[in-house]
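Going letter by letter, the sequence shown gives residues 3 to 364 in the working numbering.
We put the CB at the ideal spot given by N, CA and C, even for glycine.
Notes for the one structure printed next.
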Amino acid sequence: MSRMAELTARFPALQKLGTISRSVQLGALVAAIILLAIVALWFRGPDYKVLFSNLQDRDGGAIISALAQMNVPYQLTENGTAILVPSDRVHETRLQLAQQGLPRSGEAGFELIDQTRFGASQFTEQVNFQRALEGELASSIQALNAVQHARVHLALPRETLFVRDRQPPSASVLLTLYPGRMLSESQVAAIAWLVSSSVPNLAADNVSVVDQNGRLLTAPAGSGSGDSARRDLVSEIESRTVQRILTLLNPMVGSGNVRAQVSADVDFSQREQTSEVYRPNQLPGQAAVRSQQTSTALQGDAQPAEGVPGALTNQPPPVAVAPINQEDLVEQPLGPDGQPIDGALLEQAIPAPGVAEPAAGV
C-alpha cells in the first residue's frame, strides 16, 4: 500500500486515469438501462383500449373485417365479445365504423325496408316488414339495463274477410340477461305491454317472455301469478337460509372465513285432502256412548179384555200425549258398532304451496 501511494504521489496522471475509468463505467451503465427501456417499449407495442364490448358474433365478424381493410391493429378479449384498438385511434376508428353502420345492434330494423328491391312481391314485403318490426322491438327491449340481448318472434295470422276464421296474433320474447341480474314482475309486464302495443289486435296475455334458462317470466292466463313471484320466493328462502348459516358459524370460525351457498327446492304443487269425522250425539260434559243394548222381559198372564162390548170397545187406544216439561224421545240412529251418529263432518284442507326441502351447501 505504501509503494502504491508513493507511485500515485509521484505520478498524478495515474489518479486522473482512475477517475475517468469510473465515469466511463457509470455512463455505460446508464446507457444500457436506457437502451433496455427503449427495447421494452418497442416490443410492448401501443397501448390498447376498448373499441366495442358485448358484441354479438355477427357484429364482431363485420367489425374485424372492416378493421382489416382499414389496416388498424386489434385485439380480442372477453371470449371475443370485446375488441381493443390502439388508444390513439379509438375515436377515429369508432367514427369510421359508424359511417359503415357498425355495429348493427344485433337485429336489423326498418333499414330492411330501404333495402327492398324493385319488383318484390307482396309476400316479400310483408316478411320484410315483420322482420323489421321484430328487430325494432328487440332493440327497444335491449335498452333495459338488465337485458343483454333480446329476440322477438311475431306470429301474425293472415287477414281474412270472415270473422269466424280470424285468429288473434301472438308473440314470444327471448331474453338474455346479464349475469347476476333479474327482471322484476313489473318490468316483465312492461315488456309484454310494449310488444302488444306495437302490434295491432295483439293482447298482452298472448305475449310470452322467456329468459336464457328457459324459464317462463309471464304468467299464463288464469294462473293468478307468474313465475317471477315464485322465483322471488325461492330467492328469499335462499338468502334467509344463508344469513342464518353465517350468523351461526361466524362467531365460531370468525367473520369472513365462511362461505355459504343454498339451493332451495321449493314444492309449489297444491294438494287437496278430504276426511270424514263422526262425532257422537251427547250433551256437553257427557261421555260418548260407545255401544247400547236394550232388553225387555214380560212375566205373568195376559190381561183379559175389559169393558162393555160394542163399538167403543173396538176402537184403538187414544194417542198418548207427552206430559209438559218432559223431554221428547227421539230415535237415534246407530253406527256399525252401536255408536249414535249425529252426522258426518267433512273437513277439507289445502296445504299452502311453497314448502322448501332441505338442500344447502356450506
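C-beta atoms of residue i and residue j nearer than 7 Å
i: Tyr50; j: Leu86; result: yes
i: Val190; j: Val236; result: no
i: His155; j: Ser174; result: yes
i: Ala157; j: Ser172; result: yes
i: Ser55; j: Ala34; result: no
i: Arg183; j: Ala148; result: yes
i: Gln140; j: Leu104; result: A small correction: the amino acid at residue 140 is Ala; Gln does not occupy that position in the sequence shown. No, these two residues do not count as a Cβ contact at 7 Å.
i: Arg246; j: Phe270; result: no
i: Ala206; j: Trp195; result: yes
i: Val209; j: Ser198; result: yes
Residue i, DSSP secondary structure in three states
i: Thr83; result: coil
i: Ala173; result: strand
i: Ala157; result: strand
i: Gln128; result: helix
i: Val41; result: helix
i: Ser241; result: helix
i: Glu138; result: helix
i: Pro105; result: coil
Limits of the alpha helix (DSSP H) - the one that residue i falls within
i: Asp59; result: 59-71
i: Leu97; result: 92-101
i: Val197; result: 187-200
Residue burial classification, residue i (beta-carbon count within 10 angstroms, cutoff 16)
i: Thr249; result: exposed
i: Thr243; result: buried
i: Ile36; result: exposed
i: Ser265; result: exposed
i: Glu136; result: buried
i: Asp213; result: buried
i: Val332; result: Residue placement at Val332 is poorly supported in this model, since its pLDDT is 44, which falls under 50; the coordinates still yield a value, given next. So Val332 counts as exposed.
i: Glu274; result: exposed
i: Ser67; result: exposed
Chain C contact for residue i (CB, 7 Å cutoff)
i: Thr162; result: Protein chains in the displayed structure number just one, and chain C is not present.
Candidates the options: closest to residue i by CA position
i: Leu219; options: Asn130, Thr178, Pro75; result: Thr178
i: Val129; options: Thr95, Ala145, Gly103, Pro159; result: Pro159
i: Asn81; options: Gln58, Ala192, Pro170, Val41; result: Gln58
i: Asp61; options: Leu99, Ile239, Ala122; result: Leu99
i: Ala70; options: Glu127, Phe131, Thr95; result: Thr95
Boundaries (first-last residue) of the beta strand (DSSP E) holding residue i
i: Val74; result: Looking at the DSSP string, Val74 is not in any beta strand (DSSP E), and its letter there is neither H nor E.
i: Asp267; result: 267-269
i: Ser89; result: Counting along the chain, Ser89 falls outside any beta strand (DSSP E), and DSSP gives it neither H nor E.
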